[in-house]
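Visitor:
Numbering (UniProt numbering), first residue to last: 1 to 209.
1) Please classify residue 29: is it buried, with 16 or more other beta-carbons within 10 angstroms of its beta-carbon, or exposed?
2) Ignore the nearest five residues each way along the sequence and tell me which others in residue 6's own chain have a CB closer than 7 Å to its CB.
3) My guess is that residue 114 and residue 88 are in contact by the Cβ rule of under 8 Å, so how many angstroms apart are they, rounded?
4) Here's a check: name, in chain order, each residue in its chain whose Cβ is nearer than 8 Å to the Cβ of residue 199, leaving out the five neighbours to either side.
5) Does DSSP put residue 199 in a helix, a strand or coil?
6) Could you check which residue in 167, 134 and 59 has the C-alpha nearest to that of residue 212?
7) Once the 5 residues before and after residue 130 are set aside, which same chain residues still bring their CB inside 6 Å of it?
8) Would you mind stating whether residue 20 and residue 46 have Cβ atoms separated by less than 8 Å?
9) Decide if the stretch 95-104 is in contact with the stretch 62-75; the criterion is three or more beta carbon pairs, one per stretch, under 8 Å apart.
10) So the alpha helix (DSSP H) residue 84 belongs to, where does it begin and stop?
11) If we ignore side chains and look at the alpha-carbon of each, how far apart do residue 23 and residue 55 end up?
12) Residue range of the alpha helix (DSSP H) that residue 132 falls in?
13) DSSP three-state call for residue 229: helix, strand or coil?
14) Tell whether a beta-carbon distance below 8 Å holds between residue 203 and residue 149.
15) Measure the CB-CB distance between residue 270 and residue 196 and report whether it falls below 8 Å.
16) Going along the chain, which unbroken runs of the alpha helix (DSSP H) with 4 or more residues stay wholly within the stretch 20-55?
17) Would DSSP call residue 115 helix, strand or coil?
18) Between residue 25 and the rest of its own chain, which residues show a CB-CB distance below 7 Å, the 5 nearest in sequence each way excluded?
19) Does the beta-carbon distance from residue 62 to residue 53 come in below 8 Å?
20) By the three-class DSSP mapping on this structure, what secondary structure does residue 14 have?
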């Protein structure tokens, strides 16, 4: 009887975990990340192997810029489901955002192995490579990303900077002109002195030399 009761309680917990997961998912879809976190933490407490809840909880913390908690839950999701692409790419992003570039590269590579047709895996690797100062690797990854999706502002902005740094001014100008036709995402911050117009003016001066 005791084992039957135990299994019954386990089943109740799993069902309740699913309920809180759905609740958290709905909050997440509405960009209500703090409420999503509350519901998803309840889901995970009831069923620690609910990798879907662990993934979404990690992603909600990522949206809230709490990178340590984000990594903690995403790592658990990947431990349970090693080929979980959504959690792997989110984990790469969390490491990227917290400036742990080596781990970011490790997880972007894993993501590329799982989905070699995904824009985000090449864009992420390209952005990291640029941060590390590896311009050739960054260029290779970003050009591949651009063949998969060509309307990402940040991608063209970084490509423009790479070509500028390489002294390929016409190519740089083309990339910055593309940026001017695209909408800059609100969350993407351009450093002072590195606005599109700043680069275009510098390029025109260099091209006259």
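All C-beta atoms, glycine included, are put in the ideal place defined by N, C-alpha and C.
Guide: So, from the data block:
1) exposed
2) Because residue 6 carries a pLDDT of 47, less than 50, the predicted location of this residue cannot be relied on, and the following value inherits that uncertainty. Cβ within range, chain order: n/a, list empty.
3) 7 Å
4) 160, 161, 164, 172 and 176
5) helix
6) Only positions 1 to 209 of the chain appear in the structure, and residue 212 is not among them; the question remains open.
7) 138 and 158
8) yes
9) yes
10) Segment: none, residue 84 is in no alpha helix (DSSP H) and carries neither H nor E.
11) 15 Å
12) 119-132
13) Because the chain here runs from 1 to 209, residue 229 falls outside it and cannot be looked at.
14) no
15) Limits of the chain in this structure are 1 at one end and 209 at the other, which puts residue 270 out of reach.
16) 33-46
17) coil
18) 56
19) no
20) helix
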